[in-house]
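Take the sequence shown: its position 52, counted from the start at 1, is 52 in full-length UniProt numbering, and no numbers get skipped. C-beta: ideal position from N, C-alpha, C; glycine also. Written below as structure tokens is the structure these notes are about.
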Amino acid sequence: MIEKSTKSVSAPPASRPSEAQRRWLARGIGQPGGKLPLFDTLGREVPHSTIRACIEAGWAEPWFANPLKPDWLVCKLTDAGRRLIGSKSAKN
Numbered sequence: 001m002i003e004k005s006t007k008s009v010s011a012p013p014a015s016r017p018s019e020a021q022r023r024w025l026a027r028g029i030g031q032p033g034g035k036l037p038l039f040d041t042l043g044r045e046v047p048h049s050t051i052r053a054c055i056e057a058g059w060a061e062p063w064f065a066n067p068l069k070p071d072w073l074v075c076k077l078t079d080a081g082r083r084l085i086g087s088k089s090a091k092n
């Protein structure tokens, strides 16, 4: 008989980004200040789950609040995000 555990197991933080996260972060390389896009290359909004996961992992950080669209997360790469993507320059 297999016993089921009643303890909740939380997943450890991701040490590597998903492919979607990596694509989003890579688009900040070469942008002024490391600004990350709000929309993908097809014009669709980047999922908030992708953005939040990157913020929680320390690869991106909120940059400023958008007064016209307060629900949009305007973010930029962190130094950790630049290192992860392989940028030669880790500038803010």
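Leaving out five residues on either side along the sequence, give the residues of the same chain with a beta carbon under 6 Å from the beta carbon of residue i.
{"i": "W63", "result": "V74, C75, K76"}
Here's a check: name, in chain order, each residue in its chain whose Cβ is nearer than 8 Å to the Cβ of residue i, leaving out the five neighbours to either side.
{"i": "W59", "result": "P17, Q21, L25, L77, T78, A80, G81, L84"}
Please return the same chain residues whose Cβ sits closer than 7 Å to the Cβ of residue i, not counting the five positions on each side in sequence.
{"i": "G86", "result": "none"}
{"i": "W72", "result": "L38, N66"}
{"i": "E45", "result": "L38, F39"}
Of all the options the options, which has the alpha carbon lying nearest to the alpha carbon of residue i?
{"i": "D40", "options": "G34, R27, D71", "result": "R27"}
{"i": "L38", "options": "G30, P32, P47", "result": "P47"}
{"i": "L42", "options": "I29, R23, I51", "result": "R23"}
{"i": "E61", "options": "S15, G33, L68", "result": "G33"}
Which residue marks the beginning of the alpha helix (DSSP H) containing residue i, and which one marks its end?
{"i": "E56", "result": "48-57"}
{"i": "L38", "result": "Run containing L38: none; DSSP gives neither H nor E here."}
{"i": "Q31", "result": "Note, Q31: premise wrong, no alpha helix (DSSP H); not H, not E."}
State the start and end residues of the unbroken beta strand (DSSP E) segment that holds residue i.
{"i": "L77", "result": "73-77"}
{"i": "E61", "result": "60-65"}
Measuring only from the beta carbon, is residue i closer than 7 Å to any heavy atom that is part of the ligand MG?
{"i": "W63", "result": "Looking for the ligand MG in the displayed structure turns up nothing, as the structure carries no ligands at all."}
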